[in-house]
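Only one structure is covered here, and it is reproduced in the block below.
In the working numbering, the protein residues as written are 9 to 501.
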């Protein structure tokens, strides 16, 4: 009885706080979020809704690993990628934390080492020599369409308002793949490369015209290798689709994944997330531009140490050249200054290499500015509403379609429409095109009847003033060329 009287004398504000907490608990239980982990300060729930006392917020959808993909984190001390804890608790082996710019990474490994790493304990180092491809998870999100530099300026645009959403909630169209709504997708961490063809200057060296192309087994996606070039759009596309063929070298199972060449809207989704508080923005008005990959030799993951043109003599003070690029670039993806015009690491230069990442750290996506220009599956429609092939019989993508003069080029058939974005006008809002045109002075040249295929990112020699950058876009013939590469995507089935 004494305790009850004492409770009645308790400050009314304290009593109200008890009632408020009880109401919140009842509501959460009624909608199905009754896990103890929701109210723990030390545990993390797998639910999309996370709640602590006084806070309820959306979480990004958990990454969906396909068979033989291995979750990884980066050990700064040993400078190695290690096997992460799939459960993602808050400890040494943490896999991802999007609130801190730690995007989820996963790798595939060689067939000879696959069993070892799949069965290895968490924290096991994974040799870069064994890694074949590296991927970054882009969780499903919706976004407020950007406009007017989002409260900033051309050189310093504001953050894009991004909200992570569940699989059945409205999102930007990059997360709709045909008739399927995706919880997210895996985006290649670097431009595509190849174990034997990256140094080849033979046009269309992949030789891929079907989804069972054997050369696709040589695809690699990792840092410090030359990007694969000299292929037209159709070759890149069919190589990407062949990565899931029976007996592929990556361990992919076709019933689980859809491997394909990046569409324009998928690039746009990465650009949006980059220009958000989950990428390179610390506040709604404070963002930084992705540093350019200034490797003339098209080495992946390289950095010039700045967003725009940085002269050689500004980085290497014992040199006199004012050129803003060299064969190998200036910095590696893991923050080392390269010895001048060599592929040998010199001293550590924190932030100079990772500045070329979408997150300003090693967990982001590289080569989105500079390196090679990247073909995407985005194309202008012809007068019949069908995708165009190219400009002429000599300058085209390899796909069957209309040319500039109205005649038809006969090549390989276009794939299902879910694999490309089709544009009917000279502008488009929603794919990091018209709505972000000119941000950071990136290039703005919409596809047209001569150059009907989009490419993104720009090349190593562009520099900021010439248009290289995450928001840059232009049109091209779609042909095999020395400075065009591509980017790959995995959508989970």
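All residues carry an ideal CB built from backbone N, CA and C; glycine is no exception. Model, not experiment: these values are computed from the prediction.
Check	Outcome
Could you tell me the boundaries of the alpha helix (DSSP H) in which residue 545 lies?	Because the chain in this structure spans residues 9 to 501, residue 545 falls outside the shown range and cannot be described.
Can residue 89 and residue 130 be called in contact, C-beta distance under 8 Å?	no
For residue 394, which three-state DSSP category applies?	coil
State buried or exposed for residue 499, treating a residue as buried only when at least 16 other CB atoms are found within 10 Å of its CB.	buried
So within the segment 153-228, which uninterrupted beta strand (DSSP E) runs reach at least 3 residues, ignoring any that extend past its ends?	170-172 and 192-196
Based on Cα-Cα distance, which residue from 143, 486 and 248 lies nearest to residue 8?	Given that the chain is displayed from residue 9 to residue 501, the structure contains no residue 8 and the question cannot be resolved.
Contact criterion: CB-CB distance below 8 Å. Does residue 302 meet it with respect to chain B?	The question asks about chain B, but that chain is absent: this structure has only one protein chain.
Can you tell which of 377, 425 and 308 has its C-alpha closest to the C-alpha of residue 237?	308
Any idea if residue 50 is buried or exposed, counting beta-carbon neighbours within 10 angstroms, 16 or more meaning buried?	Only weak support is given to the placement of residue 50: the predicted model assigns it a pLDDT of 30, under 50, and the question is left unresolved by the model.
Counting beta carbon pairs with one atom in the segment 179-193 and one in the segment 295-309, are three or more of them shorter than 8 Å?	no
In the DSSP assignment, find the beta strand (DSSP E) that holds residue 477 and state where it starts and stops.	477-484
Along the chain, where does the beta strand (DSSP E) that runs through residue 401 open and close?	Counting along the chain, residue 401 falls outside any beta strand (DSSP E), and DSSP gives it neither H nor E.
For residue 321, count the other beta carbons within 10 Å of its own beta carbon; 16 or more makes it buried, fewer makes it exposed. Which is it?	exposed
Applying the criterion that 16 or more other CB atoms from any shown protein chain within 10 Å of the CB defines a buried residue, is residue 188 buried or exposed?	exposed
From 83, 123 and 87, pick the residue whose C-alpha is nearest to that of residue 100; which is it?	83
Looking at C-alpha atoms only, which residue of 257, 299, 248 and 465 is the closest neighbour of residue 482?	465
Sorted by chain position, which residues of the same chain lie with C-beta nearer than 7 Å to residue 397's C-beta, five sequence neighbours on each side aside?	404, 405, 407, 408, 409, 410, 411, 417 and 419
Under DSSP, the beta strand (DSSP E) around residue 146 begins and ends at which residues?	139-147
Roughly how many whole angstroms lie between the Cα atoms of residue 384 and residue 422?	14 Å
Which residues mark the beginning and the end of the beta strand (DSSP E) in which residue 383 is found?	381-388
Determine contact between the segment 441-451 and the segment 156-173, defined as no fewer than three beta-carbon pairs at a distance below 8 Å.	yes
When you compare only the Cα positions, how much space is there between residue 103 and residue 148?	18 Å
Have a look at the DSSP bridge pairing and note the partners of residue 134.	89
Determine, using beta carbons only, whether residue 202 and residue 497 come nearer to each other than 8 Å.	no
Select from 468, 79 and 150 the residue whose C-alpha is nearest the C-alpha of residue 125.	79
Could you spell out where the beta strand (DSSP E) holding residue 465 opens and where it closes?	461-465
Given a cut-off of 8 Å, decide if residue 141 and residue 229 are closer than it, judged by their beta-carbon atoms.	yes
Identify, in the order they occur along the chain, each residue of the same chain with its Cβ nearer than 8 Å to the Cβ of residue 279, setting aside the five sequence neighbours on each side.	376, 440, 444, 478 and 479
Taking C-beta to C-beta, are residue 495 and residue 233 nearer than 8 Å?	no
Going along the chain, which residues of its own chain have a beta-carbon closer than 7 Å to the beta-carbon of residue 146, five neighbours each way excluded?	192, 193, 195, 277, 278 and 281
Determine the direct distance from the alpha carbon of residue 266 to that of residue 219, and round the result to whole angstroms.	12 Å
Is residue 469 closer than 8 Å to residue 299 when the C-beta atoms are compared?	no
Taking the alpha helix (DSSP H) that residue 125 belongs to, which residues open and close that run?	119-126
Near residue 111, what residues of its chain come up, given a Cβ to Cβ distance below 7 Å and the 5 sequence neighbours on each side ignored?	104, 144, 145, 367, 371 and 372
Rounding to the nearest angstrom, what Cα-Cα distance links residue 257 and residue 487 in this structure?	27 Å
To the nearest angstrom, how far is the alpha carbon of residue 213 from that of residue 239?	6 Å
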